[in-house]
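Residue numbers (the working numbering), protein chains in the order written: chain E, 1 to 436; chain R, 1 to 178. Note that CB positions come from ideal geometry on N, CA and C, so glycine has one too. What you are looking at is a predicted structure, and each value in this text was computed from that prediction instead of being measured.
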Amino acid sequence: MRGAELTSVEEVLDRVRKELAEGRLPVEIFNSPAVFAAEQERLFRRAWLFLAHDSEIPEPGDYVLRNLAGNSVIVVRDEQGTVRCLLNMCRHRGNQVCKAAMGNASHFRCSYHGWTYANDGRLIGVPHIRTVYDGRLRRSDWNLLEVRTDSYQGLVFGCLDPGAPDLEEYLGGFQFYLDIYLRPGPGGTEVYAPPNQWVTETDWKICAENFAGDGYHTPVAHQFGFQLGYYASSASTHSQGYAVHFPHRGHGIGLGRTPGMTPFFGYPDEVVQGMAEALSPAQLELFKETRTAVSTVFPNLSLLIQPFSATPGEPGVRFCTMRLWQPIGVGRMQMLSWCLVPKDAPEAYKAEAYRAYTLAFGHGGMFEQDDFDNWSRVTAMAGNPAAQELSFPYLMGLDREPIADFPGPGVAVTPYMTETNFRNMWQTWLEYLERP
Amino acid sequence: MTSNGASEALDQERLPVELARRVEQFLFREAQLLDERRFEEWLALFCEDASYEAPLRITRERQVDSELSPTGRIFWDSKQTLGVRVQRLCSDFAWAEQPPSRTRHFVTNVRTWRADGVIQARCNLLVYRNRGEDPRADLYSADRMDELVEEGDDFRIRRRILVVDQANLTGNSLSVLL
Chain E
1 MRGAELTSVE EVLDRVRKEL AEGRLPVEIF NSPAVFAAEQ ERLFRRAWLF LAHDSEIPEP
61 GDYVLRNLAG NSVIVVRDEQ GTVRCLLNMC RHRGNQVCKA AMGNASHFRC SYHGWTYAND
121 GRLIGVPHIR TVYDGRLRRS DWNLLEVRTD SYQGLVFGCL DPGAPDLEEY LGGFQFYLDI
181 YLRPGPGGTE VYAPPNQWVT ETDWKICAEN FAGDGYHTPV AHQFGFQLGY YASSASTHSQ
241 GYAVHFPHRG HGIGLGRTPG MTPFFGYPDE VVQGMAEALS PAQLELFKET RTAVSTVFPN
301 LSLLIQPFSA TPGEPGVRFC TMRLWQPIGV GRMQMLSWCL VPKDAPEAYK AEAYRAYTLA
361 FGHGGMFEQD DFDNWSRVTA MAGNPAAQEL SFPYLMGLDR EPIADFPGPG VAVTPYMTET
421 NFRNMWQTWL EYLERP
Chain R
1 MTSNGASEAL DQERLPVELA RRVEQFLFRE AQLLDERRFE EWLALFCEDA SYEAPLRITR
61 ERQVDSELSP TGRIFWDSKQ TLGVRVQRLC SDFAWAEQPP SRTRHFVTNV RTWRADGVIQ
121 ARCNLLVYRN RGEDPRADLY SADRMDELVE EGDDFRIRRR ILVVDQANLT GNSLSVLL
């Protein structure tokens, strides 16, 4: 047995490269100091990472404090309406210039020596500048550090790599599927509330993989749902559908279908009408019989739509959760979880959808509880010495041919219970980590 | 409204000592039912139209009136959905509670008064939660406000609002009731 501490990341990546081609993956990647360090350097500093939803900062001066690859950043709408991502560090001696999780500010003033920045990051105030700096300090040299941002349908992303392609190319056609969450009407979506936040002893990749379309776990991990009468049977509701992935991009979506179901059930008429206006015929055709849409935008943003009801057995209401799996240490993660609602929907529906979210997928949600209990135990075991030489099988759907005439972009296979999306996610992960 | 969204207890009509003491004993018994995992008996302590809410706390600057999100909730339950949670906890498939959490609910600083004819009970709540062989524990400290209805010699909970004193929580799963 080898000790996890002594394994270099290059050895691990060699294993991943060889095994992935054969439909296996080394267990050690799920709880490894070497892998964590390499991910921070080679993946999270290069990829587009989710920062905030537009609706969290609707007015000039509105800000939220977020974490971008280990960096505390202020995501703020400046006086001109431009969303900016600014490192939360005074350029003079490094104190945090913003200490609240959200708010509204025209300026950020450092509480150490009083340097003051406009909400677009410009340094505009330096106490005693004339008498102590003798003209040697040029304010424009010392603005808050700004990080590149870009957005799609209200989702604001940041990227620390100036050489990375723009967000549109990064998403690479995945927008077609993201629209099921983000374009439920011409007005798009809004967050119903700030995110639930909690810290968990879980490796972020387990969650990202699961949300890339793990239809396999549902009937077992969430067996209570069948027991209580939420689902009729696992065979009829959790094996149909599609899994779609985008090679070299890493994104994946699982579309769980219930053939013959009332199209778009669980949405109010206003939202069904809104989708008819906002979505293309190909999108509508594909989404109308989709019961569950679960996806990961590589590397660590996931979205889920599913119906849920206060009373088991009733059709229920559709809710949409968006979650960010942020690694903050080896096998440790900061969780942020939002509920998105269609902006144009009736308020009563928004509230009902949020209630369904809290019951199913908020921090205290019944599905959430099952998932994180399992995932934290996977993480713990992946750190065991005996696990360091073991591998997991990723064989499901290995020989499946893509569907030739699928209505959407990307590579689609059927059924929804498959590991095709996961192999693609890992291949992309490997491609990032192989680049020194 | 205070920073925690509750009517303040201090200036209100206080309950007679004997009644206040019965309210306290009721809250202690309720806590015991949770700690002993007698969830169905616990659920029976709620009125049919009961609500059970835990607003989200957000770190804000001091100048802001309240740290509580007007829309965000950790829990937003009715008796019906609490019933679903209890049914799940009593099933063989609540993996997050297998093996079960050990909880101890500490109910202290109980203040009682009457507002608009309804009994109000506000307490400091500390829930210790430990699982398996893990030597660490999750602690949830909360400001808890209950509206109680008298039913004979006993009480029923009509409304519970609890505010956890943390914006970023711990716990791989929040599978315990507060």
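Check, Outcome
"For the alpha helix (DSSP H) that PHE372(E) lies in, which residues bound it at each end?", "366-382"
"Let me see if you follow: with CB-CB separation under 9 Å, is ASP65(R) close to chain E or not?", "no"
"Is there a C-beta anywhere in chain R that falls below 9 Å from the one on PHE224(E)?", "yes"
"Answer yes or no: does any C-beta atom of chain R fall closer than 9 Å to that of MET1(E)?", "Only weak support is given to the placement of MET1(E): the predicted model assigns it a pLDDT of 46, under 50, and the question is left unresolved by the model."
"Figure out for me which residue from TRP426(E), GLU277(E), VAL126(E), PHE157(E) has the closest Cα to the Cα of ARG93(E).", "VAL126(E)"
"Is DSSP giving VAL164(R) helix, strand or coil here?", "strand"
"Can you name, in chain order, every residue of its own chain whose Cβ lies under 6 Å from the Cβ of GLN439(E), other than the five neighbours on each side?", "Lying outside 1 to 436, the shown extent of chain E, residue 439(E) is not represented and no answer is given."
"So, using beta-carbon positions, are VAL164(R) and ARG57(R) closer together than 9 Å?", "yes"
"So what's SER101(R) in DSSP terms, helix, strand or just coil?", "coil"
"For ASP143(R), which residues does DSSP report across the bridge?", "ASN124(R), VAL163(R)"
"Cα-Cα, which of GLN120(R), VAL110(R), LEU126(R) is closest to ARG104(R)?", "LEU126(R)"
"Report yes or no: is there a C-beta of chain R within less than 9 Å of the C-beta of GLN197(E)?", "yes"
"May I ask you to check if the CB of THR420(E) is nearer than 8 Å to at least one heavy atom of the ligand SAH?", "Ligands are entirely absent from the displayed structure, and the ligand SAH is therefore not among its contents."
"Could you give the first and the last residue of the continuous beta strand (DSSP E) run that contains PHE46(R)?", "46-57"
"Can you pull out the residues from the stretch 396-409 of chain E whose beta carbon lies closer than 9 Å to at least one beta carbon of chain R?", "none"
"Should ARG85(R) go down as buried or exposed, given a rule of 16 or more other Cβ atoms within 10 Å for buried?", "buried"
"Is it buried or exposed for THR2(R), if we count other Cβ within 10 angstroms and need 16 for buried?", "Note that THR2(R) scores a pLDDT of 43, beneath 50, so its modelled location is shaky; the value from the coordinates is reported in the next line. THR2(R) comes out exposed."
"Would you mind sorting LEU390(E) into buried or exposed? The rule is 16 or more other CB atoms within 10 Å of its CB.", "exposed"
"Go ahead and pull the three-state DSSP assignment for GLY5(R).", "Below a pLDDT of 50, predicted positions are generally treated as unreliable, and GLY5(R), at 45, falls in that range; no measurement from the model is reported."
"What number of angstroms, rounded off, separates the C-alpha of ALA6(R) from the C-alpha of ALA193(E)?", "At ALA6(R), the pLDDT of 48 sits below 50, so the modelled position is not reliable and the matter cannot be decided from this model."
"Please go through the stretch 26-64 of chain E and give each complete beta strand (DSSP E) segment of 3 or more residues, from N-terminal end onward.", "49-53"
"Check distances from the C-beta atoms of the stretch 360-373 of chain E to those of chain R and list, in chain order, the residues that come in under 9 Å.", "GLY362, HIS363, GLY364, GLY365, MET366, GLU368, GLN369, ASP370, ASP371, PHE372, ASP373"
"For TYR152(E), name the three-state secondary structure that DSSP assigns.", "strand"
"Mapping the DSSP letters down to three states, classify ARG122(E) as helix, strand or coil.", "coil"
"GLU61(R): which of THR131(E), ILE124(E), ALA105(E), THR189(E) sits nearest, CA to CA?", "ALA105(E)"
"Beta-carbon of GLU209(E) versus every beta-carbon of chain R: anything under 9 Å?", "no"
"For the beta strand (DSSP E) that TYR357(E) lies in, which residues bound it at each end?", "From DSSP, TYR357(E) is part of no beta strand (DSSP E) but of the alpha helix (DSSP H) over 347-360."
"Name the chain E residues that come within less than 8 Å of GLY117(R), Cβ to Cβ?", "Those do not exist, as GLY117(R) stays about 28 Å from chain E at its closest Cβ, beyond 8 Å."
"Just the C-alpha distance for GLY173(E) and ARG38(R), rounded to the nearest angstrom, thanks.", "52 Å"
"Taking the alpha carbon of GLN27(R) as the reference point, which residue from ASP154(R), LEU169(R), GLY171(R), SER175(R) has its own alpha carbon closest?", "Sequence inspection shows Leu at residue 27(R); the Gln mentioned does not correspond to that position. That would be ASP154(R), whose Cα lies nearest to the Cα of LEU27(R)."
"Taking only the alpha-carbon atoms, compute the straight-line gap between ASN4(R) and THR311(E) and give it to the nearest angstrom.", "Low confidence applies here, because ASN4(R) scores a pLDDT of 46, under 50, leaving its location unreliable and the question unanswered by this model."
"For HIS113(E), collect the residues of the same chain with a Cβ closer than 7 Å to its Cβ; drop the 5 residues on either side in sequence, then sort them by chain order.", "HIS92, ARG93, PRO127"
"Taking only beta-carbon atoms, is MET161(R) less than 9 Å away from chain E?", "Checking the sequence shown, residue 161(R) turns out to be Ile, not Met. Closer than 9 Å: no."
"Can you list, in chain order, the residues of its chain with a C-beta nearer than 6 Å to that of PRO263(E)? Leave out the 5 residues immediately preceding and following it.", "LYS288"
"Please report how far the alpha carbon of ARG435(E) lies from the alpha carbon of LEU301(E), in whole angstroms.", "22 Å"
"Could you tell me whether the Cβ of PHE39(R) comes closer than 9 Å to any Cβ of chain E?", "no"
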